[in-house]
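Q: Residue numbers (full-length UniProt numbering): 1 to 782.
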């Protein structure tokens, strides 16, 4: 017999999306002793819940629909065969839910009991299918009376003590099994008058956690906190319990009992399922009004460290610094504590211990919040915590501080976990002693001490930073970028191999950057096996023009062209080289240069392109972009915003270099009328690259000699520029030599010095040692 034969289904006025075949559907079991009202509750739920989202099953009815002879036939079966059909019944329900995408609510039996003997009737399939079990925890006295008054069904007489023992056995065993199998477990309130409302809340909660990812709900809360804070540059993400206070508010809430310690120390550990179960424990412990009262009491006994109060109050005066408490504990307690201190407008709280919080906070959630603030909001993040649970958050942050508390209260496992993170995963952290007289963790060499009031820390938190423009994409920290940039900086790589290395960068940026910013489109192609299939390429490839900014941009542009073979390819030594026929009827122009320093030249190309076509999309691709050039407030950024330009680079660089092209734009040398020499000493100084104060590799030493040459007939005056370059590495020397050639040209126009020109050029081209000399003669009318 087909175990999945059709059976009558409840009406579903609206459709639900189907779950993926590999997704475990949400199946909620309603359990309780016979006579506790499972069928009645299912009937009431059927009236109130949306049939487009839920399916409703009587477990016994499903078994009856599958077993030959129905329930009468089932009751005659031996235990092994009966369990087989029980397993088939729950499998059928899971199958239906997977097909419909709905949440199932199923009534079931866990044990049958008689005179102190109990026989379990659950199957491994039940434990593998259920996502939440709700137990109708009716008082034995009420249950006894209800069973006696039941005229619809003949029930075995059992005294109240037996019913109480049976119920206690079921609850204990179900609780244990649910933890072992990652199933949520709730005991429905004992008062019959609010059972239905409580059941509705629990079922809707269970449905939501299965259908809406927890992180999506956390992200919504983060967005809510960030809304309107447009000037933020730095965010402090701080743990709560035993970090900003010595108190563990969770322990205080539960006072003598410690169900959370038992929960997190059990099979679920600190998983999301464990935190969801903790929410149900808080729900079970108190209704909303009682919970608020308990939170008031706990908050009254909780004091924030004076050092954190002072830090938070400083942050209240700055619109570019924010702070958020992210806690695995009780959100309402910390909101009340911060409100009492007058900090509730400055410090927001993310946490979840009630259904109304609509989230749970785990170690992974904390780390992902930090990552989201860095990646999407472009914020610098300082993370502070005391717990080994928060090490992923500390490791993700730009700066990490460990709070070291009193010996009797702090985590005993933190030292070992912290040392491992520092030694094996590269965590860089410092510690704050609170109170200041406690003994530190590890050694000062491994985990240096700092105070929250130290000037160095405050400067790090409160200093204003220019922000990278959001339309700038780069792969600086990616392993792929490190591999690709190495051959372009290797002095032993030259000629065709060097051009190929730059072309590979172009290929990578086409696949990684252009495919994201421009999108992809489908096209028909012939498969290797002969039939036609759909392939993908960069969107509007045929209507794209790649412009290589000469000379440095050509190898990179050729790599882009390899990835976009249908695109038009243009060489442009100056903006005027871009013509109208290069952009008309095109949708995208990709400007390609090897290095963007100040962006002055690039701005000219962007403005030229926009002048030729007001609607065309402009994208810039570069090997290296100087960081300052793409920071908010820079001239290039203003042009990007005005013309909607996106920039993609293999890496950003902090090195500052004023290129020769900026000084001798278009190779025009200005001469003073009276002497024929260069006009301004300031122009000469601009040729020397600036050095960096942050410890980056310094550019090479560049020196210049200027002399006037006159032909005997006195008809022309000439200026000779001799450039001598000394560098630490041949790779650096080669880079600067290329810049000199690009700026001044390759040859000498002084026919009388032709021999000298050849020898200088040979020395220059061979790049022997780490020094070279280049000579260029400029002829001007007398």
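The beta carbon of each residue, even a glycine, is placed where N, CA and C say it ideally should be. Given the structure is predicted, the values throughout are model-derived calculations rather than measurements.
1. Given a cut-off of 7 Å on the beta-carbon distance, is the pair residue 807 and residue 217 in contact?
2. Between 49, 90, 65, which has its C-alpha nearest residue 24's C-alpha?
3. Give the DSSP-derived three-state secondary structure of residue 525 in the structure shown.
4. Taking Cβ to Cβ, would you say residue 105 is nearer than 7 Å to residue 28?
5. May I ask you to list the residues that DSSP assigns as paired with residue 473?
6. If I follow the unbroken alpha helix (DSSP H) through residue 430, where does it start and stop?
7. Tell whether a beta-carbon distance below 7 Å holds between residue 136 and residue 39.
8. Please look up how many angstroms separate the CB atoms of residue 370 and residue 237, rounded, as I've assumed it's under 8 Å.
9. With a threshold of 7 Å between beta carbons, is residue 397 in contact with chain B?
10. From 409, 380, 144, pick the residue whose C-alpha is nearest to that of residue 840; which is it?
11. Expressed to the nearest angstrom, what Euclidean distance is found between the alpha-carbon atoms of residue 646 and residue 123?
12. Considering only the alpha carbon of each residue, which of 624, 34, 117, 220 lies closest to residue 143?
13. Please confirm whether residue 111 and residue 141 have their CB atoms less than 7 Å apart.
14. Can you check whether the CB of residue 431 is closer than 7 Å to the CB of residue 402?
15. Mark residue 784 as exposed unless 16 or more other C-beta atoms lie within 10 angstroms of its C-beta, in which case mark it buried.
16. Less than 7 Å separating the beta-carbons of residue 543 and residue 587?
17. Residue range of the alpha helix (DSSP H) that residue 534 falls in?
18. Okay, do the region 306 to 323 and the region 340 to 355 touch, 3+ Cβ pairs below 8 Å being the bar?
19. If residue 564 sits next to residue 510, beta carbons under 8 Å apart, how far is it from one beta carbon to the other, in whole angstroms?
20. Among residues of its own chain, excluding the 5 on either side of residue 247, which ones have a beta-carbon nearer than 6 Å to its beta-carbon?
21. Distance, Cα to Cα, residue 796 vs residue 132?
22. Let me know if residue 157 comes out buried or exposed under the rule of 16 or more other beta-carbons within 10 Å of its beta-carbon.
23. Would you report the Cα separation of residue 531 and residue 567, rounded to the nearest angstrom?
24. Quick one, are the C-beta atoms of residue 298 and residue 333 less than 7 Å apart?
25. Tell me whether residue 524 is buried or exposed, calling it buried when 16 or more other Cβ atoms sit within 10 Å of its Cβ.
26. Quick check on this structure: which residue in 554, 653, 233 has the alpha carbon closest to the alpha carbon of residue 374?
27. Distance, Cα to Cα, residue 41 vs residue 188?
28. DSSP three-state call for residue 450: helix, strand or coil?
29. Do residue 197 and residue 186 have their beta-carbon atoms positioned less than 7 Å apart in this structure?
30. Using a Cβ-Cβ cut-off of 7 Å (strictly less than) and excluding sequence neighbours within five positions of residue 78, which residues of its own chain qualify?
31. Could you check the C-alpha separation between residue 324 and residue 348 for me, to the nearest Å?
32. Between the beta-carbon of residue 624 and the beta-carbon of residue 653, is there less than 7 Å?
33. May I ask you to list the residues that DSSP assigns as paired with residue 234?
34. Which same chain residues, not among the five before or five after residue 636, have their C-beta less than 7 Å away from its C-beta?
35. Can you find the residues in the same chain that come closer than 8 Å, C-beta to C-beta, to residue 174, ignoring five residues on each side of it along the sequence?
36. To which residues of the same chain is residue 268 closer than 6 Å at the C-beta, ignoring the five residues directly before and after it?
A: Answer, in terms of the structure:
1. Any question about residue 807 goes unanswered here, given that the chain covers just 1 to 782.
2. For residue 24, the closest C-alpha among the options 49, 90, 65 is that of 90.
3. Looking at residue 525 - three-state DSSP - the assignment turns out to be strand.
4. Yes. Within cutoff.
5. According to DSSP, residue 473 bridges with 648.
6. No alpha helix (DSSP H) holds residue 430; the beta strand (DSSP E) holding it covers 429 to 433.
7. With contacts defined as CB atoms closer than 7 Å, residue 136 and residue 39 fail to qualify as a contacting pair.
8. About 6 Å separates the two Cβ atoms, so the contact holds.
9. The structure shown has no chain B; it contains just one protein chain.
10. Only positions 1 to 782 of the chain appear in this structure, which leaves residue 840 out of reach.
11. The alpha-carbon atoms of residue 646 and residue 123 are separated by roughly 59 Å.
12. Selected option, being the one with the closest Cα: 34.
13. No; because the gap between Cβ atoms is not below 7 Å, this pair is not in contact.
14. Cβ distance < 7 Å, so residue 402 and residue 431 count as in contact.
15. Residue coverage of the chain in this structure runs from 1 to 782, which leaves residue 784 outside it and unanswerable.
16. For residue 543 and residue 587, yes; Cβs fall inside 7 Å.
17. Per DSSP, residue 534 belongs to no alpha helix (DSSP H); it is in the beta strand (DSSP E), 532 to 538.
18. Verdict: yes, contact present.
19. Contact holds; Cβ gap of about 6 Å.
20. For residue 247, same chain residues with a beta-carbon under 6 Å away, outside a window of 5 residues either side, are 302 in chain order.
21. Residue 796 is absent from the structure shown; the chain starts at 1 and stops at 782.
22. Classification of residue 157: exposed, given that the 10 Å Cβ count is below 16.
23. Roughly 26 Å between the two C-alpha positions.
24. Yes; because the gap between Cβ atoms is below 7 Å, this pair is in contact.
25. Exposed, because fewer than 16 other Cβ atoms sit within 10 Å of the Cβ of residue 524.
26. It is 233 whose Cα lies nearest to the Cα of residue 374.
27. A straight-line Cα-Cα distance of about 11 Å links residue 41 and residue 188.
28. Coil at residue 450, not helix or strand.
29. Going by C-beta atoms, residue 186 is not nearer than 7 Å to residue 197.
30. So the list is empty, once near-sequence residues are dropped.
31. Spanning the two alpha carbons is a distance of roughly 5 Å.
32. Going by C-beta atoms, residue 624 is nearer than 7 Å to residue 653.
33. As computed with DSSP, residue 234 is found in a beta bridge with 321, 380.
34. Excluding positions up to five away in sequence, the list reads 599, 602, 603, 629, 630.
35. Non-local beta-carbon contacts of residue 174 in its own chain, meaning distances under 8 Å to residues more than five positions away in sequence, involve 31, 110, 133, 135, 185 in chain order.
36. Excluding residues within five positions, the ones whose Cβ falls inside 6 Å are 179, 274.
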